[in-house]
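The block underneath contains the structure these notes are about, expressed in structure tokens.
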Amino acid sequence: MNTIDRLKKKADQLRMDTLDMILEAGSGHIGGSFSIADIITSLYYDVMDITGGPHDEDRDRFVLSKGHANPILYAVLLDKGFVPKDAKGTLRQFGSPFQGHPDSSVCPGIDCTTGSLGQGISVGTGMALGLKKLGKDSRVFVVAGDGELNEGLCWEAFMAASNFQLDNLTIIIDRNMLQLGGHTEDLMKLGDLKAKMESFGFAVDEIDGHDIGSIGSTLRKKYPDTPHCIIAKTIKGKGVSYMENNPSWHGGIPKGEEVAQAYKELGGTCHG
Amino acid sequence: MADKKATRHGFYDGLVNLARKHHDIYAVDADLGSATGSSIFQKEFPDRYIDVGIAEQNLVGISAGLARVGLVPFCSSMAVFVAGRGFEIIRNAVAYSRINVKIVGSHTGITAAGDGGSHQAIADMAAMRAIPNMVVLSPCDYFQAAKMAELMYAHQGPMYIRTSREPVEAVTSLDDEIVLGKAQQLCDGKDVCIIATGMMTVLAIEAAKALHEEGIEAKVVNIHTIKPLDAIGIKEAVLSCKGRVVVCEEANMFGGLSEGVASILVEEDGIRFAWVAIEDRFGQSGATSVLLGAYGITKENIVRKAWSVIQR
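Keeping their order, the protein sequence lines are chains F and C. Letter by letter, the first sequence follows residues 1249 to 1520 of this note's numbering. Letter by letter, the second sequence follows residues 401 to 712 of this note's numbering.
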């Protein structure tokens, strides 16, 4: 199997693991988890240097600024063995490392606590700045939601990232065009996002966020003295036809026949 | 009498001294270095000074990032802005996962004076105290502020220190040990216990001297650690003064030291309690001495409150 096919298969496996966890918990964000599944797979299984494990000071860092998509990240951490396998059935339960939003103090492998939107972008920017001050080559990858960009703090951080010439920082915007209350352009329009990010001093690439080949090659790009922004056009709920582009799957839970169909479309069978 | 000096300068003099030995110390500011006192750090360590511009949310977020990769950031702005505008970032990006960020809020209380009510932090102590995992410090003079830099560096985890613009007389020295979470007795007495923090401690000592002239022996206890508050030390001090206590803080009366002390004493019998604090109103512009008088932040008011609990 070539790399691309291997990564595609991994992404669908992670989607199914995510579905397992959310069905077990009875709540969680499927739509936003699925839209970033291919991006997170490319990062953790192809691009990021985490060979030294989750505590290696020289590792690349990952920040899930849209913290509500954490089930897909937990699926990765389980698969990597950073978290014991028996944590899988504990999503959102009392005492679990898999809190409703990622908390680094209880979950190994989480590089940054998030959940309050906008903050991961700011903290990730500080991490990139700190790594440069320390003379390290490590890179910082931040996945942010498009709705999240409503938060003013994001733009404070973007200004700082270009001011400090953080070419070790990559912001990946999950441009699925949907937020809780509806379409991003109806609710609070972002307009020409590429132009906005360029005007804030970023080198910007626009890609199909489900084309795992172009995700990898774009994530590897570095622009000297310039932070990198990837606008990844994605489909919320990607991988399960009835969930795709439907805002009710932001936090909805499939039932009955829907469950079987979801696993079938992802190429597997229901585990539960 | 020693020169009057402000805690905002004491803290950064202490930090600069410490940063000569410890190269992981960084200062982060939001374009207020000349006001907070951090510009002295910038002068000596330009490569370890980060100015994020006028953006207090990002000030805290960037600092959390620096701490996450192993640096020890001290981030500062006027307390109104860093503890106010930065509050939710402090809560979620710093305190929630116990990230090692040190927060410095300057211009606390009404002694921010001329800038007016918009700049006078009167709720910062209450706000920071309400966050789990947060340690809250409030030095009483230049030397205590200078020593606190060391204490903050040695402690692993989030901390907030409130400093003041107003130069005050020194009542401690660099030789006086500061133990985190321990009340510090500065004058002994048995008739009334005056508990104070920040620039109020100097006034409390002056009030104790005035009371001495009137035949009253006042104990003065300085609280440099607002959280964790020294419940045992405070109880002992107050009970040794017949349960008579006056709490003094340059902050709003709600949520700060006064209510903290009251909560410790609430189960004790025979407590007679009074406070000298800002009585739930905003500050305003004015000469410092005029403002202090208008808001009752005076030696005379402490003496009056002391008599009120003695005669009650």
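The beta carbon of each residue, even a glycine, is placed where N, CA and C say it ideally should be.
**OP:** Write down the C-beta distance between V638/C and I594/C rounded to the nearest angstrom, noting that I regard them as a contact closer than 8 Å.
**Re:** Along the second sequence, read from residue 1 onward, the residue named residue 638/C stands at position 238. Along the second sequence, read from residue 1 onward, the residue named residue 594/C stands at position 194. That belief does not hold up - the Cβ atoms of V638/C and I594/C are roughly 10 Å apart, past 8 Å.
Original post:
When the Cα atoms are used, what is the spatial distance from C475/C to A549/C?
Top reply: As a position in the second sequence, residue 475/C is number 75, starting the count at 1. As a position in the second sequence, residue 549/C is number 149, starting the count at 1. If I take the Cα positions, the gap works out to 12 Å.
Subject >> Contact check, A608/C vs V620/C, beta carbons under 8 Å >> reply: Here residue 608/C refers to the residue found at position 208 when the second sequence is read from its first residue. Here residue 620/C refers to the residue found at position 220 when the second sequence is read from its first residue. Taking 8 Å as the Cβ cut-off, A608/C and V620/C qualify as a contacting pair.
Original post:
Can you list, in chain order, the residues of its chain whose CB lies under 6 Å from that of A1358/F, leaving out five sequence neighbours each side?
Top reply: Mapped onto the first sequence, residue 1358/F falls at position 110. Position check: residue 1358/F holds Ile in this sequence, whereas Ala was assumed. Excluding residues within five positions, the ones whose Cβ falls inside 6 Å are P1350 and S1352.
Subject >> Short-range partners of chain C found in the stretch 1355-1380 of chain F, where Cβ spacing is below 9 Å >> reply: Those would be I1358, D1359, C1360, T1361, T1362, G1363, S1364, G1366, Q1367, G1368, I1369, S1370, V1371, G1372, T1373, G1374, M1375, A1376, L1377, G1378 and L1379, in chain order.
Subject >> Local conformation of F487/C per DSSP, three classes >> reply: In the second sequence, residue 487/C corresponds to position 87, counting from 1. Reduced to three states, the DSSP call for F487/C is helix.
**OP:** Check the DSSP bridge columns for G1393/F and list the partner residues they point to.
**Re:** Here residue 1393/F refers to the residue found at position 145 of the first sequence. According to DSSP, which records beta bridges pairwise, G1393/F is partnered with D1422/F.
Subject >> Neighbouring residues, chain F, relative to Q442/C (Cβ below 7 Å) >> reply: Residue numbering aside, residue 442/C sits at position 42 when the second sequence is read from its first letter. Those do not exist, as Q442/C stays about 15 Å from chain F at its closest Cβ, beyond 7 Å.
**OP:** For my contact list, L1401/F and S1370/F are in at a C-beta cut-off of 8 Å; report their separation, rounded to the angstrom.
**Re:** The residue given as residue 1401/F occupies position 153 in the first sequence. The residue given as residue 1370/F occupies position 122 in the first sequence. Confirmed, about 5 Å.
**OP:** Counting only the same chain and skipping the five closest in sequence on each side, list residues whose C-beta sits under 8 Å from that of M552/C.
**Re:** Here the question's residue 552/C lines up with position 152 in the second sequence. Excluding positions up to five away in sequence, the list reads F474, K502, L537, M559 and I561.
**OP:** Return the CA-CA distance between M401/C and E569/C, expressed in angstroms with no decimal places.
**Re:** Counting from one through the second sequence, the residue named residue 401/C turns up at place 1. Counting from one through the second sequence, the residue named residue 569/C turns up at place 169. Residue placement at M401/C is flagged as unreliable, the pLDDT there being 49, under the threshold of 50; the coordinate-derived value follows with that caveat. About 8 Å.
**OP:** Can you check DSSP and say which residues form a bridge with E1454/F?
**Re:** In the first sequence, counting from the first residue as 1, residue 1454/F sits at position 206. Paired residue(s): I1479/F.
**OP:** Please state whether DSSP places S1465/F in a helix, a strand or coil.
**Re:** Here the question's residue 1465/F lines up with position 217 in the first sequence. Three-state DSSP puts S1465/F in a helix.
Original post:
Exposed or buried, P446/C, counting other C-beta atoms within 10 Å across all chains shown (16 or more means buried)?
Top reply: Mapped onto the second sequence, residue 446/C falls at position 46. Exposed: under 16 other Cβ atoms inside 10 Å.
**OP:** Would you tell me roughly how many angstroms separate the C-alpha atoms of S658/C and V647/C, rounded to the nearest one?
**Re:** The count along the second sequence starts at 1 and reaches residue 658/C at position 258. The count along the second sequence starts at 1 and reaches residue 647/C at position 247. For the pair S658/C and V647/C, the Cα-to-Cα distance works out to about 6 Å.
Original post:
Among all the DSSP beta bridges, which residues are the ones paired with D429/C?
Top reply: The sequence position of residue 429/C within the second sequence is 29, counting from 1. According to DSSP, which records beta bridges pairwise, D429/C is partnered with D451/C and S476/C.
Subject >> Nearest residue (CA-CA) to S467/C, options K1314/F, S1283/F, G1315/F and E1305/F >> reply: Taking the first residue of the second sequence as position 1, residue 467/C is located at position 67. Reading off the sequence, residue 467/C comes out as Ala, not Ser. Nearest option by C-alpha distance: E1305/F.
**OP:** Please decide whether D1394/F counts as near chain C, where near means a Cβ-Cβ distance under 8 Å.
**Re:** On the first sequence, residue 1394/F is found 146 positions in, with the first residue counted as 1. With 8 Å as the cut-off, D1394/F does not count as an interface residue toward chain C.
Subject >> Cβ-based burial, S574/C [other Cβ within 10 Å; buried from 16] >> reply: Taking the second sequence and counting its residues from 1, the one referred to as residue 574/C is at position 174. Note that residue 574/C corresponds to Leu in the displayed sequence, not to Ser. Counting Cβ neighbours within 10 Å, L574/C comes out exposed, since fewer than 16 surround it.
Subject >> Span separating the alpha-carbon of W675/C from that of G633/C >> reply: Walking along the second sequence from the start, residue 675/C turns up at place 275. Walking along the second sequence from the start, residue 633/C turns up at place 233. Using only the alpha carbons, I get a separation of about 18 Å.
Original post:
Looking at the C-beta of G433/C, does it have a partner C-beta in chain F at a distance below 8 Å?
Top reply: The residue you call residue 433/C lines up with position 33 of the second sequence. Judged by the 8 Å Cβ criterion, G433/C is not in contact with chain F.
**OP:** Measure the CB-CB distance between P567/C and A406/C and report whether it falls below 8 Å.
**Re:** Translated into the one-based positions of the second sequence, residue 567/C becomes position 167. Translated into the one-based positions of the second sequence, residue 406/C becomes position 6. Result yes, Cβ atoms of P567/C and A406/C sit closer than 8 Å.
Original post:
Any idea what DSSP makes of S506/C, helix, strand or coil?
Top reply: As a first step, residue 506/C is located in the second sequence; it is residue number 106 there, counting from the start. Reduced to three states, the DSSP call for S506/C is strand.
Subject >> Integer Cβ distance of C1360/F from G1366/F, believed to fall under 8 Å >> reply: The sequence position of residue 1360/F within the first sequence is 112, counting from 1. The sequence position of residue 1366/F within the first sequence is 118, counting from 1. Contact doesn't hold; Cβ gap of about 13 Å is too wide.
**OP:** Taking S1225/F as the query, report the chain C residues whose CB atoms sit under 7 Å from its CB, ordered along the chain.
**Re:** Outside the displayed span of chain F (1249 to 1520) sits residue 1225/F, for which this structure offers no information.
Subject >> Backbone CA spacing between N1493/F and I1252/F [nearest angstrom] >> reply: Counting from one through the first sequence, the residue named residue 1493/F turns up at place 245. Counting from one through the first sequence, the residue named residue 1252/F turns up at place 4. Cα-Cα distance, rounded: 25 Å.
**OP:** Between the Cα of V1390/F and those of G1363/F, S1313/F, Y1292/F and G1348/F, spot the shortest distance and give me the residue it belongs to.
**Re:** Residue mapping note: residue 1390/F aligns to position 142 of the first sequence, counting from 1. Here the closest residue by C-alpha is S1313/F.
**OP:** Could you name the residues of chain F that A464/C contacts, counting a contact when the two beta carbons are closer than 7 Å?
**Re:** Here residue 464/C refers to the residue found at position 64 when the second sequence is read from its first residue. Correct list: V1371 and G1374.
Original post:
Expressed to the nearest angstrom, what Euclidean distance is found between the alpha-carbon atoms of Q457/C and R485/C?
Top reply: Along the second sequence, one-based indexing puts residue 457/C at 57. Along the second sequence, one-based indexing puts residue 485/C at 85. Going by the C-alpha atoms only, they are around 6 Å apart.
Original post:
Does the stretch 503-511 of chain C come close enough to the stretch 584-594 of chain C that 3 or more CB-CB pairs lie under 8 Å?
Top reply: With a cut-off of 8 Å, the stretch 503-511 of chain C and the stretch 584-594 of chain C do not count as touching, because too few Cβ pairs lie within range.
Original post:
Of the choices K1256/F, D1385/F, A1317/F and Y1292/F, whose alpha-carbon is the least far from that of V469/C?
Top reply: For the purposes of this step, residue 469/C is taken as residue 69 along the second sequence, with counting starting at 1. Among K1256/F, D1385/F, A1317/F and Y1292/F, the Cα nearest to that of V469/C is on D1385/F.
Original post:
Taking 8 Å as the CB-CB cut-off, is L551/C touching chain F?
Top reply: Looking up residue 551/C in the second sequence gives position 151. Not an interface residue.
Subject >> Through-space distance from N533/C to T1266/F, alpha-carbon basis >> reply: Here residue 1266/F refers to the residue found at position 18 of the first sequence. Here residue 533/C refers to the residue found at position 133 of the second sequence. Each residue's alpha carbon lies about 32 Å from the other.
Original post:
Taking the Cβ atom as the reference point for each residue, do L1441/F and I1420/F lie within a distance shorter than 8 Å?
Top reply: The sequence position of residue 1441/F within the first sequence is 193, counting from 1. The sequence position of residue 1420/F within the first sequence is 172, counting from 1. Cβ atoms of L1441/F and I1420/F: not closer than 8 Å.
Original post:
Assuming P1475/F contacts L1514/F under a Cβ cut-off of 8 Å, what Cβ separation, rounded to an integer in Å, is found between them?
Top reply: As a position in the first sequence, residue 1475/F is number 227, starting the count at 1. As a position in the first sequence, residue 1514/F is number 266, starting the count at 1. The Cβ separation is near 34 Å, so there is no contact.
Subject >> Simplified DSSP state of M401/C, which is helix, strand or coil >> reply: On the second sequence, residue 401/C is found 1 positions in, with the first residue counted as 1. With a pLDDT of 49 at M401/C, under the threshold of 50, the modelled position of this residue cannot be trusted; read the value that follows with caution. Coil.
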